[in-house]
Amino acid sequence: GKGCTFEGGMREPFIAWWPGRIKAGQVVQDMGSTLDFLPTICSLSGAKLPDENILDGMDISPALLGTGPSPRNVMLFYRGAKLYAVRKGPYKAHYITKPAYGQNIKDTKHDPPLLFHLGRDPSEQHDIAAQHADVIEDIRKEVALHLANLTPGKDQLAELIAKD
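Sequential numbering of the sequence shown, starting at 203, is according to our numbering.
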């Protein structure tokens, strides 16, 4: 369901069309995010990225243009201000799960996190955490690095609600 951090709630197809630049019928399996739109469009158009904000996006134009892979290998899945899941390469670890929006069910925390290999199990049905402690440890290092470098932004929604 939409809003949960399982692939059915997060993964979306994307179609790009640019005659003469993007090959017709090209299928890209590389990781990307809507966070990557701004850096990619700026790169393709020659525009300068804004200096006033720290961006989480990356320029994925090499994957779109067929000149190289996407630089994105890690994706962090937040719901509100909580980190729910992390994908690194083909693996995805769920630290917290919750059903789709609109279902009044509490968060379920997982320690160790649930682990899935999306290439073999895109429906995330078979938890392989017990067999892959090394992958869990690698993903935990990514989370620690992320949190050490995180600069939280303003909660713009909370500011709007407070004004009403």
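Positions of the beta carbon are idealized from the N, C-alpha and C atoms, including for glycine.
**OP:** Would you grab the beta carbon distance between S235 and G259 for me? Rounded to a whole angstrom, and I think it's under 8 angstroms.
**Re:** Separation of the CB atoms of S235 and G259 is rounded to 7 angstroms, and the pair is thereby assigned contact status at 8 angstroms.
**OP:** Using the Cα positions of Q327 and T310, report the straight-line distance between them to the nearest angstrom.
**Re:** Approximately 16 angstroms between the Cα atoms of the pair.
Subject >> Any 3 or more C-beta pairs closer than 8 angstroms across the stretch 354 to 366 and the stretch 294 to 312 >> reply: Cβ pair count under 8 angstroms is below three, so no.
Original post:
Under the rule that 16 or more other beta-carbon atoms within 10 Å means buried, what is A364, buried or exposed?
Top reply: Residue burial annotation: A364 is exposed, with fewer than 16 other C-beta atoms found within 10 angstroms of its C-beta.
Original post:
What is the rounded straight-line gap between the Cα of L246 and the Cα of Q333?
Top reply: Here the alpha carbon of L246 sits roughly 42 angstroms from the alpha carbon of Q333.
Subject >> Length of the line joining the Cα atoms of V230 and N275 >> reply: Near 14 angstroms, if we compare the C-alpha coordinates of N275 and V230.
Original post:
Grouping DSSP H, G and I as helix and E and B as strand, with all else coil, what is I298?
Top reply: Assignment of I298 by DSSP, reduced to helix, strand and coil, places it in the strand class.
Original post:
Helix, strand or coil: which one does DSSP assign to R342?
Top reply: Helix, per DSSP.
Subject >> Contacts around A287, its chain only, beta-carbon distance under 7 angstroms, and the 5 residues preceding and following it disregarded >> reply: Around A287, the same chain offers T207, F279, K294, A295, H296, Y297 as residues with beta carbons nearer than 7 angstroms, after the five sequence neighbours per side are excluded.
**OP:** Kindly indicate which three-state DSSP category A283 falls into: helix, strand or coil?
**Re:** For A283, the three-state secondary structure derived from DSSP is coil.
Subject >> Same chain, Cβ closer than 6 angstroms to D238, neighbours up to 5 away in sequence not counted >> reply: Within the same chain, D238 has close Cβ partners G259, M260, I262.
Original post:
How close, in whole Å, do the beta carbons of M233 and S272 come, if the pair is a contact with beta carbons under 8 angstroms?
Top reply: Yes, M233 and S272 are in contact; Cβ-Cβ is about 6 angstroms, under 8 angstroms.
**OP:** Might you give, ordered along the chain, the residues of its own chain that have their beta carbon closer than 8 angstroms to the beta carbon of I307, omitting 5 neighbours on each side?
**Re:** Result list for I307: K300, P301, in chain order.
Original post:
Excluding the five sequence neighbours on either side, which residues of its own chain have a C-beta within less than 8 angstroms of the C-beta of L267, listed in chain order?
Top reply: Within the same chain, L267 has close Cβ partners R223, I224.
Original post:
Closest to A265 by CA distance: which of K284, A249, F216, R281 is it?
Top reply: Checking every option, the nearest Cα to that of A265 belongs to F216.
Original post:
Considering only C-alpha positions, which residue in the set L362, K250, P354 is nearest to L285?
Top reply: If we check each option's Cα against that of L285, P354 comes out closest.
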